[in-house]
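Worksheet for the structure shown next.
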Amino acid sequence: MHLAARRLVLFPLLVAALVGGCGTEPAPGAGAGAGRTSATPAATPTTPTAVPSAPAGRTVRLGYAGGEVTGGTQRVPVPLGERVTLVVTGDVVDEVHVHGYDSYLDVTPGADAMITFPADIPGVFEVEMHDSGLLLAQLEVS
Amino acid sequence: MVLAHGIGTRADLPVPSTLAALGAGLAVVISFVVLGTLWRRPRFTGGSAGRPLPTGLRRVFDSPVPRIGLRLVTLVAAGLLVVIGLVGPDSTALNLAPWAFYITFWVGLVPASLLLGPVWRVLNPLRLVHAVLARALRLDPATGRATLPEAVGYWPAAASIAGFAWFELVYPARAEPTDVAVFVIGYAVVHTGAALVFGNRWFERGDGFEVYSSLLGALAPLGRRDDGRLVLRNPFDSLEAIRPAPGLVGVVVVLVGSTAYDGLARTGWWQANVPTGAVNATLALGCAGLLIGVIYLLGTWSLVTPGGRGEGAPGPGAFAHTIVPIAAGYAIAHYFSLLVLDGQQVVILASDPLGTGADLLGTAGRVIDYTVIGTTTIALVQIGAIVAGHVVAAVSAHDRAVRLFPPGVALRTQYPLLAAMVTLSVGAVGLVFAA
Chain G
1 MHLAARRLVL FPLLVAALVG GCGTEPAPGA GAGAGRTSAT PAATPTTPTA
51 VPSAPAGRTV RLGYAGGEVT GGTQRVPVPL GERVTLVVTG DVVDEVHVHG
101 YDSYLDVTPG ADAMITFPAD IPGVFEVEMH DSGLLLAQLE VS
Chain E
143 MVLAHGIGTR ADLPVPSTLA ALGAGLAVVI SFVVLGTLWR RPRFTGGSAG
193 RPLPTGLRRV FDSPVPRIGL RLVTLVAAGL LVVIGLVGPD STALNLAPWA
243 FYITFWVGLV PASLLLGPVW RVLNPLRLVH AVLARALRLD PATGRATLPE
293 AVGYWPAAAS IAGFAWFELV YPARAEPTDV AVFVIGYAVV HTGAALVFGN
343 RWFERGDGFE VYSSLLGALA PLGRRDDGRL VLRNPFDSLE AIRPAPGLVG
393 VVVVLVGSTA YDGLARTGWW QANVPTGAVN ATLALGCAGL LIGVIYLLGT
443 WSLVTPGGRG EGAPGPGAFA HTIVPIAAGY AIAHYFSLLV LDGQQVVILA
493 SDPLGTGADL LGTAGRVIDY TVIGTTTIAL VQIGAIVAGH VVAAVSAHDR
543 AVRLFPPGVA LRTQYPLLAA MVTLSVGAVG LVFAA
């Protein structure tokens with residue numbers, strides 16, 4: 001290989017090796033954008049083998065009024081395995097559907113509708129109003 | 143179901159930042175490596191390459207009878223899809239039609255074509271419908287009534303894919319069974335009609351699904367040599383064999399742009415900041431396509447500047463085939479988990495297609511098993527597909543450059559094109575990172 005061409009190849013490979021070798025992780029929030037609610041970083045990197053049955057869990061409050069989602073569509077980070085309680089308030093009768101977990105919740109005006117389930121499937125799941133089609137939130141289970 | 147691509151219970155988690163950084167970094171490094179290991183003579187022979195399959199196998203694959211049989215099967219399947227869409231359960235969650243259409247067919251076409259070649263050219267049921275109708279109407283199936291001008295090229299296919307992308311990603315009722323059935327009928331009518339007018343060559347140039355399958359099929363080890371023989375060959379040769387034609391750039395731009403829009407619309411940032419609505423979404427889809435087009439044209443800028451161009455000199459279309467691996471990488475990255483996880487719903491719903499309480503396959507009442515594949519595997523596949531697509535694209539582009547130009551000029555054309563490819567690949571990594 002021509003000397004100049006060899007240098008052209010080796011330099012970026014060297015840089016890449018240095019970067020890879022250092023192994024520093026860039027800030028997790030980089031590139032995530034303004035839409036995320038501030039997250040408690042997951043303390044355990046591995047899936048817990050037993051889902052804790054402690055009543056402590058995560059409560060997510062969602063609401064809709066006047067045809068709009070209160071506070072805009074949220075992206076809610078949920079640690080894998082945690083019990084999630086969804087509390088939904090709305091001004092019209094509708095049905096909440098949590099995709100993936102296939103949970104349904106009927107909402108009537110004036111009362112908080114609540115549902116609890118273990119977040120044991122990893123992924124991003126939509127919480128959607130069945131009739132109006134509003135996207136209340138996205139649960140990011142990881 | 144408001145997921146951007148119309149159907150599905152789940153979206154992918156953001157790819158972990160180290161993996162994303164690695165993927166983006168690899169895309170850049172690989173481009174330097176390709177530039178640095180500049181081979182001066184084209185390595186791939188294109189359409190004349192390949193080892194013919196054994197004669198017995200070739201006879202089977204080439205004979206028309208299996209083709210007609212296979213097309214009959216897909217015709218029946220399409221017919222069933224339409225019937226189930228129209229008279230089956232009203233709810234998307236219970237009706238097989240949207241799931242089979244978007245996942246088994248549209249997403250499934252990708253691995254089928256990447257492994258087996260241009261499968262839809264063999265399976266396309268519209269070809270059978272057209273052949274029958276043409277004979278009934280006393281038209282020549284091959285030539286029709288009018289000739290399609292060469293300048294039209296692949297533009298009808300680009301429009302066809304764009305129309306499907308709009309239906310899949312923007313149309314508010316895109317997941318409704320009835321709407322899916324009507325789309326399928328409409329698509330069949332339009333393309334069969336066009337083929338009756340222009341002859342069955344229309345399908346090669348105008349049917350978006352067939353063109354998509356044919357382009358992806360160039361990445362498969364099976365191909366058809368210039369002399370018509372079915373061969374086993376290096377995918378790089380098959381890519382090289384794709385002839386530039388008007389509209390090919392349009393097709394690859396629409397493919398990449400629509401997948402990019404799908405990924406972008408799923409990000410947290412988009413969901414929080416961009417107002418919903420079909421008009422906004424249509425504009426955004428159009429902008430995504432335009433952006434990809436601009437990136438590609440900037441990448442092939444050196445081919446259009448006055449200095450380098452002579453009569454009949456290659457234009458941007460000469461490198462359109464190099465975007466095909468990138469489009470394949472994008473498709474795998476965005477739809478792999480959908481196929482593996484939500485694709486199970488197709489088998490579940492197929493047990494009770496008309497909502498009568500039947501259990502034809504024994505799978506009624508089951509739920510999707512999300513544990514068949516872990517999120518780490520999904521992330522690795524996503525990044526791996528993007529990087530692999532980038533490698534193939536860069537190598538293919540380099541080979542075409544040295545085929546068309548003397549080495550010094552070839553190097554010059556490579557810089558902007560590789561920069562464009564790096565932009566597309568790093569952009570793809572960004573989209574799966576910001577999901």
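Just so you know, the protein sequences line up as chains G and E, in that order. First residue of the first sequence? That's 1 in our numbering, and the numbers climb one at a time after it. First residue of the second sequence? That's 143 in our numbering, and the numbers climb one at a time after it. Backbone N, C-alpha and C fix where the C-beta goes; we use that ideal spot for every residue, glycine too.
Within the model, the alpha-carbon separation for Leu155(E) versus Asp282(E) is close to 52 Å. Shown in chain order are the members of the segment 60–92 of chain G whose Cβ falls below 7 Å from a Cβ of chain E: Gly72, Thr73, Arg75.
Along the segment 381–466 of chain E, the alpha helix (DSSP H) occurs as fully enclosed runs of 4 or more residues at 390–407, 410–415, 420–441, listed in sequence order. One finds Thr151, Arg152, Ala153 in chain E with Cβ atoms closer than 8 Å to the Cβ of Phe125(G), taken in chain order. When the Cα atoms are used, Pro467(E) and Val353(E) turn out to be separated by approximately 14 Å.
Identification of residues in the segment 487–517 of chain E having a C-beta nearer than 9 Å to some C-beta of chain G yields Val509, Ile510, Tyr512, Thr513, Gly516, Thr517, given in sequence order. In the DSSP assignment, Val482(E) falls outside any alpha helix (DSSP H), carrying neither H nor E.
Non-local beta-carbon contacts of Tyr403(E) in its own chain, meaning distances under 7 Å to residues more than five positions away in sequence, involve Leu311, Ala426, Leu427, Ala430 in chain order. The residues Ile245, Thr246, in chain order, have a CB closer than 7 Å to that of Gly485(E) in the same chain once the five nearest residues on each side in sequence are set aside. Taking C-beta atoms under 8 Å as the contact rule, Met129(G) and Asp94(G) qualify, at a distance of about 5 Å. Per DSSP, the continuous alpha helix (DSSP H) segment holding Arg263(E) begins and ends at 261–265. Burial of Ala163(E) is indicated by the presence of at least 16 other C-beta atoms within 10 angstroms of its C-beta. Exposure of Thr519(E) is indicated by the presence of fewer than 16 other C-beta atoms within 10 angstroms of its C-beta.
Contact between the segment 341–348 of chain E and the segment 278–298 of chain E is present, with at least three C-beta pairs closer than 8 Å. In the DSSP assignment, Thr116(G) falls within the beta strand (DSSP E) that extends over 113–118. The beta carbons of Val482(E) and Ile515(E) sit closer together than 7 Å. A distance below 7 Å between beta-carbons, with the five flanking residues on each side excluded, links Leu177(E) to the following residues of its chain, in chain order: Gln556, Leu560. The beta carbon of Val529(E) sits closer than 8 Å to those of Gly165, Leu168, Ala169, Ile172, Gly471, Ser567, all from its chain and outside the five residues before and after it, given in chain order.
Apart from the 5 residues on each side of it in sequence, Thr151(E) sits with its Cβ closer than 7 Å to the Cβ of Asp484, Ile510 in its chain, given in chain order.
Here Thr334(E) carries a helix assignment [DSSP, helix/strand/coil]. The beta strand (DSSP E) runs of length 3 or more contained entirely in the segment 249–300 of chain E do not exist; there are none. Counting along the chain, the unbroken alpha helix (DSSP H) around Arg201(E) starts and ends at 197–204. Ranking Leu135(G), Asp102(G), Gln138(G) by CA distance to the CA of Tyr512(E) puts Asp102(G) first.
At a cut-off of 7 Å between beta-carbon atoms, Pro122(G) makes contact with chain E. Contacts with chain E at 7 Å (Cβ-Cβ) do not include His130(G).
Where Phe345(E) is concerned, the enclosing alpha helix (DSSP H) starts and stops at 343–348.
Assigned with DSSP and collapsed to three states, Ala191(E) falls in coil, not helix or strand. Under the three-state reduction of DSSP, Phe547(E) is assigned to coil, being neither helix nor strand.
For Ser103(G), the three-state secondary structure derived from DSSP is strand. Sequence-ordered contacts of the segment 404–418 of chain E with chain G read Thr409, Gly410, Trp411, Gln413, Ala414, Asn415 [C-beta pairs closer than 7 Å]. Listed along the chain, the chain E residues whose CB falls inside 9 Å of the CB of Glu95(G) amount to none; the nearest CB is some 12 Å away.
Between Gly392(E) and Ala300(E), the CB-CB gap stays under 7 Å. Within its own chain, the residues whose Cβ lies closer than 6 Å to the Cβ of Pro363(E), once the five positions on either side in sequence are excluded, are Leu374, listed in chain order.
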